[in-house]
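Be aware that the sequence shown starts at 5, since it is given in our numbering, and climbs by one per residue.
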Amino acid sequence: MLLIQAALFMAMAAATVFVPQGGARVLFECAMLCFVCPTAAAAGVITIKLGGDLPGIMTYTVLANALASVLIPVMVPIVHPAVDMGFWALFWAVVQRVFSILILPCLAAWLIRYCLPGVQRRLERYAGWAFYIWGICLMLSISLATDSLVGSGIGLGLGLGIAVVSLVCCLLQFALGRRAARRYGHSESITAGQALGQKNTGFIIWLGINYLTPVTSVAGGLYAIWHNLFNSWQLLHSPIRHPSHGA
5 MLLIQAALFM AMAAATVFVP QGGARVLFEC AMLCFVCPTA AAAGVITIKL
55 GGDLPGIMTY TVLANALASV LIPVMVPIVH PAVDMGFWAL FWAVVQRVFS
105 ILILPCLAAW LIRYCLPGVQ RRLERYAGWA FYIWGICLML SISLATDSLV
155 GSGIGLGLGL GIAVVSLVCC LLQFALGRRA ARRYGHSESI TAGQALGQKN
205 TGFIIWLGIN YLTPVTSVAG GLYAIWHNLF NSWQLLHSPI RHPSHGA
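Have a look at this one:
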């Protein structure tokens, strides 16, 4: 899965280098962002609901963030030479972003599990709340994405182009993930699809605004809409139910 994600990003980055400045280049950069963006920390919530493997999705989330931390400092200065940062400076910027979103919560969970088992047992009673928190985040992300798109000031043609590119990247990654792991069974297929398709879209917005053409950040907002709509569709049609988790 990591090889698929890396290959998609590297291929798109290599193609972007040869695309002249303009609307077409913006679309290529949007695709780059959609491919390199690591898995969302909340992907485990949906993966469980669909019958996937929680340890598997969390392991891939950590590895995908590590991959992004290395690939971005290598390729972004080549694609966007205006980024006046060396490898280590950009690497550190990405690591800081990853630490606050992923590593810090993981460390907190580890400390609670091994140092405060009583607290862990009490928190486990509310495990099902994660799904409803995800639902609230879904509404907020769609609202923010819509506001970002309306306030971006981009033309209708470019806006539609970014919408199409982000949608294609979203569906392609879900499909590739599922197909790559289908031989290993339904659970692994679900897990791989979520690992490759459900993204930390805030990362796309941050990376686009700070290190690429700022308008590419709109792709993050639109991708958030697409992958959440797809997740909602999957949940609607999933035969898996988890009464114990509050579903």
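Where a beta carbon is used, it is the ideal one built from N, C-alpha and C, also for glycine.
According to DSSP, residues forming a beta bridge with residue i
{"i": "residue 43", "result": "203"}
For residue i, the three-state DSSP class (helix, strand or coil)
{"i": "residue 55", "result": "coil"}
{"i": "residue 136", "result": "helix"}
{"i": "residue 243", "result": "coil"}
{"i": "residue 120", "result": "coil"}
{"i": "residue 186", "result": "helix"}
{"i": "residue 107", "result": "helix"}
{"i": "residue 159", "result": "coil"}
{"i": "residue 250", "result": "The pLDDT assigned to residue 250 is 42, lower than 50, so where the model puts this residue is not dependable, and the model offers no usable value."}
{"i": "residue 26", "result": "coil"}
{"i": "residue 5", "result": "coil"}
{"i": "residue 126", "result": "helix"}
Anticipated Cβ contact below 8 angstroms, residue i with residue j, distance rounded
{"i": "residue 185", "j": "residue 196", "result": "4 angstroms"}
{"i": "residue 37", "j": "residue 217", "result": "Incorrect: roughly 10 angstroms between the Cβ atoms, too far for contact."}
{"i": "residue 6", "j": "residue 68", "result": "7 angstroms"}
{"i": "residue 177", "j": "residue 201", "result": "4 angstroms"}
{"i": "residue 174", "j": "residue 231", "result": "5 angstroms"}
{"i": "residue 9", "j": "residue 71", "result": "7 angstroms"}
{"i": "residue 94", "j": "residue 77", "result": "4 angstroms"}
{"i": "residue 81", "j": "residue 74", "result": "Actually they do not touch by this definition, with Cβ atoms about 13 angstroms apart."}
{"i": "residue 31", "j": "residue 166", "result": "7 angstroms"}
Pair within 9 angstroms by beta-carbon distance, residue i and residue j
{"i": "residue 170", "j": "residue 211", "result": "no"}
{"i": "residue 43", "j": "residue 204", "result": "yes"}
{"i": "residue 48", "j": "residue 194", "result": "no"}
{"i": "residue 41", "j": "residue 224", "result": "yes"}
{"i": "residue 146", "j": "residue 228", "result": "yes"}
{"i": "residue 35", "j": "residue 16", "result": "yes"}
{"i": "residue 89", "j": "residue 215", "result": "yes"}
{"i": "residue 54", "j": "residue 242", "result": "yes"}
{"i": "residue 163", "j": "residue 99", "result": "no"}
{"i": "residue 61", "j": "residue 199", "result": "yes"}
Cβ-heavy atom distance, residue i to the ligand ZN, below 8 angstroms
{"i": "residue 220", "result": "For the structure depicted, the ligand ZN is absent and the ligand set is empty, with no information on it obtainable."}
*Return the chain-ordered ranges of every alpha helix (DSSP H) run that is complete within the region 197-233 and spans a minimum of 4 residues.*
Unbroken alpha helix (DSSP H) runs of no fewer than 4 residues, entirely contained in the region 197-233, are found at 205-215, following chain order.
*Sequence ranges, alpha helix (DSSP H) only - wholly within the region 48-104, length at least 4*: Taking 4 residues as the minimum length, the alpha helix (DSSP H) runs contained wholly in the region 48-104 are 58-83, 91-102, in order along the chain.
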